[in-house]
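Chemist: First, the structure itself, so that you have it in front of you.
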Amino acid sequence: MQYTNLREILLLCLFISGLLSAQEQQQIEGRITDINGEPLLGVTIWIPEISRGTTTNPQGYFSLSTPTKSKLNLKISFVGYISQTRVIKENNSFFEIELEASATALEEVNLSAKSRIQQIEALAYNVDVVDAKKLHHTSLDIGHALDRVSGIRVRESGGVGSDMQLSMNGFRGNQVKVFIDGIPMENFGSSFQLNNIPINLAERIEVYKGVVPVGLGADALGGAINIVTKSDFGNHLDVSYSYGSFNTHRSNINAIYTAESGFTARINAFQNYSDNDYNIDVDVADLETGEYFPNQEVQRFNDEYHNETIIGNIGVVNKSYADKLLLGFTAGQNYNEIQTGARQVSVYGNRHRRGNILMPSLKYQKEDLFTEGLDLTLNANYNFGKEEVIDTVNRRYNWFGEFIEYDSPGGELNYTHLEFQNNNGIANANINYTINDTHKLAASNVYTTFDRKRENLLSEEAQIYSQPQKTTKNIAGIGYTFEKENWSITTFLKNYNQVTTFEEAYRPVGSEYGTVAYRPKRNTFNDLGYGAAATYFLTDNFQLKASFEKSFRLPEPNELFGDGGVLLQGNNSLRPETSYNYNFGAGYFFRIRKNHQVNLNGNGFYRDAKDFIRPRLNQNQVFQVMDNLADVTNLGLEAEARYSYKDKLSAGANLTYQNLRNNTRFESGQTRESIVYRDRIPNIPYLYGNADATYTFDSPFNSKNRVSFGYNLLYVHSFYLYWPSLGSTKLEVPEQIAHDLSLTYSFGKKNNFQFTLEARNLADANLYDNFSLQKPGRNYTGKIRYSF
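Numbered per the numbering used here, the sequence shown spans residues 83 to 870.
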């Protein structure tokens with residue numbers, strides 16, 4: 083599928099979505115304030131007859147599509163205020179509603195009166211929720227939106243589309259699992275990654291730290307991230323386009339149509355493109371003379387990236403047999419030029435990779451199945467996509483773009499045109515049973531299969547012993563929740579199972595030195611994990627939380643078998659890692675007078691991990707390889723403070739400290755204490771944080787329009803690349819400080835049309851998430867967005 087073809091399909095999707103949204107529907111809109119006229123954020127609006135609802139935005143506005151049906155009731159509820167009900171008629175599509183505060187309301191409300199974000203944050207788990215709707219006007223992808231959450235670091239090897247690793251409280255990469263609407267993203271391939279998914283795809287992002295609910299069935303060691311897409315089944319259209327430095331283009335289309343009969347259709351399409359030709363500082367050697375030019379400013383020249391993805395779903399909602407039944411298909415592709423290896427001393431001019439995703443899916447959801455309180459969710463998908471790594475030009479490059487070409491067949495790193503199809507699928511089921519207001523049960527099961535078929539198109543012999551490469555995983559869990567007044571306690575049990583099949587190299591007994599033979603190898607793993615989480619509200623605005631889990635994380639296929647020769651070398655001797663995770667936290671909010679609100683949150687955590695899986699450079703320092711470290715501990719703290727004034731000013735800051743230490747006293751086969759015992763784990767940040775502020779006011783040109791100024795600060799303390807106790811020279815990733823500014827102009831009282839200007843890394847600092855791999859300097863972006 084060519085890039086131009088997908089671009090045409092994106093335009094066609096926009097046309098179709100416009101037609102779908104133009105069908106006969108009733109649009110209910112309104113604004114909700116208190117009796118002083120101040121807008122209320124997060125008010126719940128619910129229409130019980132059609133089981134549809136929404137919440138108000140920071141300006142107090144809401145919008146909800148409904149079928150043209152009489153006798154619909156609009157129920158409005160908010161914590162601390164008296165609930166109201168309004169009747170929806172054809173001639174009253176806009177509601178101006180004032181809510182009156184109630185002294186007794188806080189004692190009577192329960193979670194159902196809160197917004198969905200408030201419900202999640204009130205859970206016993208250590209969880210943060212990102213309200214993605216507040217970021218839809220920005221050009222952020224989901225990865226960079228997460229980079230602003232306390233305890234999280236997003237580490238990239240370069241610009242748009244580059245290799246990205248997510249770190250949460252010291253655990254990184256595959257130790258943190260990612261879901262979309264509760265479905266694991268393990269098999270989505272390179273065309274669907276956190277740093278190429280636009281923030282507009284999400285309604286909210288749930289971040290579970292350390293302890294993961296049973297409903298997100300996964301082998302997560304350090305936590306989980308659940309990206310929740312738009313759940314409203316009314317009519318909706320959201321279109322955006324941004325252009326920025328380094329010839330970067332991003333566009334996104336979201337469209338939902340729901341008929342009165344229950345038929346629904348959804349389209350989501352997005353694309354990213356960038357030349358990534360930003361300047362970097364690097365040492366350069368002349369290829370002919372060997373003359374050395376230190377600290378040269380050069381331009382990247384083999385780093386183009388683009389991806390295009392279309393997600394379509396069709397089905398029914400609000401039926402007797404299904405609240406939601408959707409058949410879907412995801413199609414996408416990506417192209418990524420490979421500029422460097424794991425370190426910047428390696429430079430390539432023609433290496434590249436490409437891949438695609440072709441994935442059918444099924445989603446089913448039914449509340450009160452067979453009996454009241456029994457809810458069932460089923461999801462399944464299978465990815466038929468392929469990945470390719472191409473290195474067929476026999477040249478040697480330097481950073482000036484100069485090269486020496488050789489006549490013999492070869493490549494820049496290894497002569498290959500590798501094509502592999504991972505043939506992986508996921509099926510998961512969740513059952514929740516509410517016995518009564520006090521007792522609840524939950525069960526889940528996630529089954530994952532992986533079967534890689536690979537072929538080097540340049541050498542048939544190269545893949546003779548690369549088959550098979552297969553893994554299957556099954557994660558099953560059951561949980562019980564007890565809720566009583568201000569208490570909530572959850573306990574759970576999980577079973578982890580993995581079977582891996584591959585070819586193992588060995589030297590036959592009695593054979594000559596250098597003789598290698600292969601035999602089939604099968605590794606199996608099965609063990610139990612368990613945990614508990616509890617929360618207690620000392621007062622309505624003071625919450626305590628504690629949680630514990632013994633968790634396992636099973637090696638991923640890429641860690642076992644490699645990524646095809648891009649950045650990661652396989653290690654099929656990896657053992658599953660386990661960790662005892664402890665969390666204790668507190669949250670407190672209070673008001674200063676009536677318009678000033680302060681939120682304070684703090685959390686302490688301790689991780690005791692065995693067979694900790696961590697990346698290291700391979701022998702020639704070109705690839706990374708995953709390896710086990712017997713014993714690792716991590717003791718840390720994170721804190722966050724936020725202040726808001728009406729709907730005009732919001733400011734906050736967070737800081738995370740983590741003391742990740744090697745607790746392996748004696749290395750395998752050794753009786754002398756390891757020289758790196760109690761060293762800080764290298765190549766992982768241990769002190770980092772964010773600060774932000776946003777000020778919004780009425781436009782001086784038109785009071786119906788709004789203007790917002792935003793600022794964001796990123797800070798990462800310097801950290802060592804290698805073990806601190808080894809060697810006299812301690813290479814380090816330097817301190818990172820980045821300043822970002824944004825200006826958004828919103829037209830109309832409902833913010834249907836927005837224009838945003840952004841400046842990132844305003845001070846043009848040299849930024850490195852990984853040693854010597856420099857990220858973009860100062861850059862600018864403009865974005866336009868229209869929605870209704």
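Note that CB positions come from ideal geometry on N, CA and C, so glycine has one too.
#1: Which of the three DSSP states is assigned to LYS216 in this structure?
#2: Around the C-beta of ALA615, are 16 or more other C-beta atoms found within 10 angstroms, so that it is buried, or is it exposed?
#3: Bridge partners of GLY771, per DSSP?
#4: In whole angstroms, what separates the C-alpha of THR776 from that of SER790?
#5: Within 8 angstroms, do at least three Cβ pairs link the stretch 354 to 365 to the stretch 462 to 479?
#6: Helix, strand or coil: which one does DSSP assign to GLN625?
#7: Can you tell which of ALA773, GLN141, GLY652, PHE801 has the C-alpha that lies nearest to the C-alpha of TYR725?
#8: So, helix, strand or coil for PHE599, using DSSP?
#9: Quick check: what's the CA-CA separation for LEU205 versus GLY559?
#10: Of the residues GLU288, GLN415, THR346, ARG134, which one's Cα is nearest the Cα of PHE274?
#11: Exposed or buried, PHE853, counting other C-beta atoms within 10 Å across all chains shown (16 or more means buried)?
#12: Would you say TYR802 and GLU814 are within 7 angstroms of each other, going by their C-beta atoms?
#13: Kindly list the residues whose CB is nearer than 8 angstroms to the CB of THR520, restricted to its own chain and excluding five residues on each side of it in sequence; keep chain order.
#14: Please state if the CB of LEU276 and the CB of THR311 are separated by a distance shorter than 7 angstroms.
#15: In the structure shown, what three-state DSSP assignment does GLY100 receive?
#16: Identify, in the order they occur along the chain, each residue of the same chain with its Cβ nearer than 6 angstroms to the Cβ of SER42, setting aside the five sequence neighbours on each side.
#17: Quick check on ALA615: does DSSP put it in helix, strand or coil?
#18: Using DSSP with H/G/I as helix, E/B as strand and the rest coil, what is LEU283?
#19: Beta carbon of LYS160, beta carbon of GLU111: below 7 angstroms?
#20: Taking only the alpha-carbon atoms, compute the straight-line gap between GLU501 and GLN257 and give it to the nearest angstrom.
#21: For GLU487, count the other beta carbons within 10 Å of its own beta carbon; 16 or more makes it buried, fewer makes it exposed. Which is it?
#22: Extract the residue ranges of the alpha helix (DSSP H) inside the stretch 452 to 533, only unbroken runs of 4 or more that lie entirely within it.
#23: Taking Cβ positions, are GLY771 and LEU737 nearer each other than 7 angstroms?
#24: Hey, could you find the ends of the beta strand (DSSP E) ALA351 is sitting in?
#25: If we ignore side chains and look at the alpha-carbon of each, how far apart do LEU682 and PHE624 end up?
#26: Got a sec: does the ligand GDP put a non-hydrogen atom nearer than 6 angstroms to the Cβ of GLU814?
#27: Check each candidate in ALA404, ARG436, TYR446 and name the one with the smallest Cα separation from ASP645.
#28: Could you please give the first and the last residue of the uninterrupted alpha helix (DSSP H) stretch that includes PHE643?
#29: Run through DSSP, which three-state label would ASN653 get?
#30: Which ranges would you report for the beta strand (DSSP E) in the stretch 246 to 305 if only whole runs of at least 3 residues count?
#31: Checking the sheet assignment: what are the DSSP bridge partners for LEU146?
#32: With three or more C-beta pairs closer than 8 angstroms as the rule, is the stretch 407 to 427 touching the stretch 508 to 522?
#33: Going by DSSP, what residues sit across from TYR688 in a beta bridge?
#34: Quick check on DSSP: helix, strand or coil for LEU844?
#35: For GLY225, which of helix, strand or coil comes out of DSSP?
#36: Please report the distance separating the alpha-carbon of LEU123 from that of ALA723.
Modeler: Looking at the atomic coordinates:
#1: LYS216: helix per DSSP, three-state reduction.
#2: That one is buried.
#3: Its beta-bridge partners are LEU737, TYR797.
#4: Roughly 7 angstroms between the two C-alpha positions.
#5: Between the stretch 462 to 479 and the stretch 354 to 365 there are fewer than three C-beta pairs closer than 8 angstroms, too few to call the two in contact.
#6: If DSSP states are grouped into helix, strand and coil, GLN625 belongs with the strands.
#7: Ranking ALA773, GLN141, GLY652, PHE801 by Cα distance to TYR725 puts ALA773 first.
#8: Note on identity: in this sequence residue 599 is Ala, with Phe being the wrong assignment. Assignment of ALA599 by DSSP, reduced to helix, strand and coil, places it in the strand class.
#9: In a straight line, the C-alpha of LEU205 is about 19 angstroms away from that of GLY559.
#10: Minimum Cα distance to PHE274 is reached at GLN415.
#11: Classification for PHE853: buried.
#12: Result yes, Cβ atoms of TYR802 and GLU814 sit closer than 7 angstroms.
#13: Cβ neighbours of THR520 beyond the five flanking positions: PHE564, GLU565, LYS566.
#14: Not in contact: THR311 and LEU276 (Cβ atoms no closer than 7 angstroms).
#15: The predicted model places GLY100 with a pLDDT of 47, which falls under 50 and marks its position as unreliable; any figure quoted below should be read in that light. In the displayed model, GLY100 falls within a helix according to three-state DSSP.
#16: Nothing can be reported for residue 42: it is not among the residues displayed for the chain, which extend from 83 to 870.
#17: The three-state reading of DSSP puts ALA615 in strand, counting E and B together.
#18: Helix at LEU283.
#19: Checking the sequence, you will find Phe at residue 160 rather than Lys. Between PHE160 and GLU111, the gap from beta carbon to beta carbon reaches 7 angstroms or more.
#20: Going from the Cα of GLU501 to the Cα of GLN257 covers about 27 angstroms.
#21: Exposed.
#22: Qualifying alpha helix (DSSP H) stretches: none in this window.
#23: Taking a C-beta distance under 7 angstroms as the contact criterion, GLY771 and LEU737 qualify as a contact pair.
#24: For ALA351, the enclosing beta strand (DSSP E) has its first and last residue at 345 to 356.
#25: In this structure, the alpha-carbon of LEU682 lies about 10 angstroms from that of PHE624.
#26: With respect to the ligand GDP, the structure shown offers nothing to examine, as it has no ligands at all.
#27: Answer by Cα proximity: ARG436.
#28: Where PHE643 is concerned, the enclosing alpha helix (DSSP H) stretches over 639 to 643.
#29: Coil at ASN653, not helix or strand.
#30: As far as the stretch 246 to 305 is concerned, its whole beta strand (DSSP E) runs of at least 3 residues are 246 to 250, 258 to 262, 284 to 291.
#31: Answer is ILE110.
#32: At 8 angstroms Cβ cutoff, the stretches do not touch.
#33: Paired residues: TYR664, LEU717.
#34: In this structure, LEU844 counts as coil in the three-state DSSP scheme.
#35: Reduced to three states, the DSSP call for GLY225 is helix.
#36: Going from the Cα of LEU123 to the Cα of ALA723 covers about 19 angstroms.
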